[in-house]
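Below is one structure, written out as structure tokens, with a few remarks after it.
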Ligand code: UDX
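In UniProt numbering, the protein residues as written are 35 to 507.
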């Protein structure tokens with residue numbers, strides 16, 4: 035592919051190679067970034083796994099898609115029952131050699147290193163960062179979480195040495211219990227209870243994963259790209275730049291950069307059920323609670339039933355995403371494609387006041403005037419989407435960076451409130467009513483409206499800076 039410069043000279047376009055781990059919350063921002071880099075004048079190749087492969091026909095036609103053919107994935111990488119750390123470790127192992135081979139053959143075919151300006155690689159995939167670096171390709175790490183979450187993650191070995199509890203609260207010892215509300219030095223406003231943690235994982239394994247990521251960033255990475263924006267994370271971004279001694283490009287919210295151009299199709303585990311939009315059309319403004327815990331988080335049958343009866347007891351109309359696989363253990367779905375059965379008598383109780391879908395067109399739902407609040411797990415994409423639509427949140431973080439984001443949503447930005455650590459129907463009903471109607475709800479909505487305005491100002495200059503930096507590599 036050639037590019038015409040302003041002086042009429044034609045020259046070969048510089049190419050960027052992107053690679054994302056195959057999670058929905060990582061692939062979608064990566065594909066958006068790919069389309070934006072292409073719009074910025076770069077040729078783009080997306081390397082991808084066979085698992086959850088993007089469908090080239092549904093994406094930007096100018097992007098080139100190349101499968102790396104990862105080694106067969108063990109159950110740990112794909113099973114809804116395995117924790118996020120097990121998935122990350124298994125995916126890194128499965129992608130290491132195939133990614134390296136795919137990038138090496140791309141370098142051979144495309145005219146070598148002169149043509150490939152850099153690789154923009156998933157910031158959780160240390161194997162790919164290392165492979166690209168070893169092949170002599172400049173590497174940028176793409177983080178699909180917040181700057182605060184990245185700072186927390188990189189601090190994990192230090193926190194562990196200082197005796198902080200990295201394990202689930204329920205297995206923490208009594209001493210640690212007493213410290214849960216203490217602020218964590220250097221990571222304020224996070225308290226001990228807000229630190230990244232993964233239920234069921236081993237603290238040693240978590241530290242070794244973080245060490246691998248930090249090692250790859252330290253050895254091979256020339257810059258970090260984040261799907262965030264200065265107005266919500268200015269101090270965190272400044273601290274990150276200082277701590278890493280690297281440029282950090284806050285190019286988000288990525289989905290907001292497509293207001294004038296078609297965005298790449300969203301990659302989802304199920305087809306979005308658009309019937310919920312017509313259902314919302316029939317509801318008054320700000321009357322409906324939207325409930326979704328993202329694409330990965332699962333709950334046990336007990337929590338699922340408390341959520342259901344809490345929603346029923348609140349009296350508030352709701353749209354609830356109940357994905358196949360959302361409930362694990364006893365009382366899960368029959369078969370991979372079926373959602374878990376609803377509690378006995380639940381549908382009769384809620385009648386038309388609740389709408390339940392396997393997967394929603396979330397961005398359109400959040401933009402719908404009938405939505406009054408969003409009960410979310412605080413996945414970073416969901417949080418940004420809610421912020422950008424000025425929708426206040428009810429937070430139920432489940433694992434990893436969601437703990438960190440929930441703290442920012444509730445205490446730093448003041449646009450959300452907690453469901454509570456123990457999900458119990460009576461408390462759920464109260465929290466839902468408060469978020470939708472109470473004085474707290476109105477204040478959150480006002481602050482959310484303010485953040486929405488800030489988010490729409492934060493766009494192209496950071497992306498221009500990133501394109502220029504890539505050209506300079
Ligand atoms: C994961 C982690 O959970 C998250 O913490 C991390 O920051 C990114 O990777 P996920 O659980 O998928 O992400 O949550 P989130 O980041 O919120 O992404 C979910 C995406 O799915 C959002 O873009 C949302 O719009 C979309 N979605 C979700 C739908 O389109 N329809 C749905 O019904 C539910």
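Ideal placement from N, C-alpha and C gives every residue a C-beta, glycine not left out.
Alpha-carbon to alpha-carbon, residue j and residue i
i	j	result
residue 256	residue 334	42 Å
residue 140	residue 76	16 Å
residue 71	residue 108	33 Å
residue 501	residue 445	34 Å
residue 49	residue 259	17 Å
residue 363	residue 346	23 Å
residue 324	residue 292	24 Å
residue 171	residue 150	7 Å
residue 265	residue 437	20 Å
residue 142	residue 174	21 Å
residue 349	residue 194	44 Å
residue 398	residue 329	17 Å
residue 197	residue 213	11 Å
residue 204	residue 456	With a pLDDT of 43 at residue 204, under the threshold of 50, the modelled position of this residue cannot be trusted; read the value that follows with caution. Spanning the two alpha carbons is a distance of roughly 11 Å.
residue 403	residue 507	45 Å
residue 465	residue 429	10 Å
residue 286	residue 378	43 Å
residue 352	residue 112	30 Å
residue 481	residue 268	17 Å
residue 474	residue 505	48 Å
residue 228	residue 443	12 Å
residue 463	residue 361	20 Å
residue 241	residue 167	22 Å
residue 469	residue 375	27 Å
residue 116	residue 413	18 Å
For residue j and residue i, believed in contact at Cβ under 8 Å, the rounded distance
i	j	result
residue 435	residue 230	6 Å
residue 389	residue 313	5 Å
residue 179	residue 433	12 Å between Cβ atoms; not a contact.
residue 97	residue 51	Not a contact, Cβ separation roughly 11 Å.
residue 67	residue 154	7 Å
residue 169	residue 134	7 Å
residue 65	residue 301	7 Å
Contact set for residue i: own chain, Cβ-Cβ below 8 Å, skip 5 residues either direction
i	result
residue 304	357, 358, 392, 393
residue 220	189
residue 224	182, 186, 217, 218, 438, 441
residue 132	102, 103, 104, 105
residue 277	185, 188
Range of the contiguous beta strand (DSSP E) that encloses residue i
i	result
residue 151	150-156
residue 555	The first residue shown for the chain is 35 and the last is 507, placing residue 555 beyond what the model contains.
residue 178	Looking at the DSSP string, residue 178 is not in any beta strand (DSSP E), and its letter there is neither H nor E.
residue 405	405-410
residue 81	77-82
residue 427	427-429
residue 257	255-260
residue 49	49-53
residue 284	282-284
residue 457	It is not in any beta strand (DSSP E) - residue 457 carries neither H nor E in the DSSP assignment.
Contacts around residue i, its chain only, beta-carbon distance under 6 Å, and the 5 residues preceding and following it disregarded
i	result
residue 478	426, 449
residue 417	439
residue 488	265
residue 56	83, 85, 86
Start-to-end residues for the alpha helix (DSSP H) that takes in residue i
i	result
residue 439	435-441
residue 66	58-73
residue 232	Taken as a continuous stretch (DSSP letters only), residue 232 belongs to no alpha helix (DSSP H), as it is neither H nor E.
residue 269	264-278
residue 344	335-348
residue 399	396-401
residue 169	Note, residue 169: premise wrong, no alpha helix (DSSP H); not H, not E.
residue 413	No alpha helix (DSSP H) holds residue 413; DSSP gives it neither H nor E.
residue 107	Unbroken run through residue 107: none, as it is neither H nor E.
Spatial neighbours of residue i in its chain, beta-carbon cut-off 7 Å, leaving aside the 5 residues before and after
i	result
residue 508	Residue 508 lies beyond the range of the chain shown here (35 to 507); nothing can be said about it.
residue 2	As shown, the chain starts at 35 and ends at 507. That puts residue 2 outside it, with no answer to give.
residue 499	283
residue 243	119, 122, 123
residue 202	Only weak support exists for where residue 202 lies, its pLDDT of 49 falling under 50; the value from the coordinates is given anyway. Correct list, in chain order: 231, 233.
Buried or exposed (CB count within 10 angstroms, at least 16 for buried), residue i
i	result
residue 125	buried
residue 339	buried
residue 252	exposed
residue 419	buried
residue 423	buried
residue 490	exposed
residue 208	Legend: pLDDT at residue 208 = 46, less than 50; position of this residue unreliable, value from coordinates given subsequently. When all chains shown are included, residue 208 counts as exposed.
residue 431	buried
residue 63	buried
residue 92	exposed
residue 161	buried
residue 279	exposed
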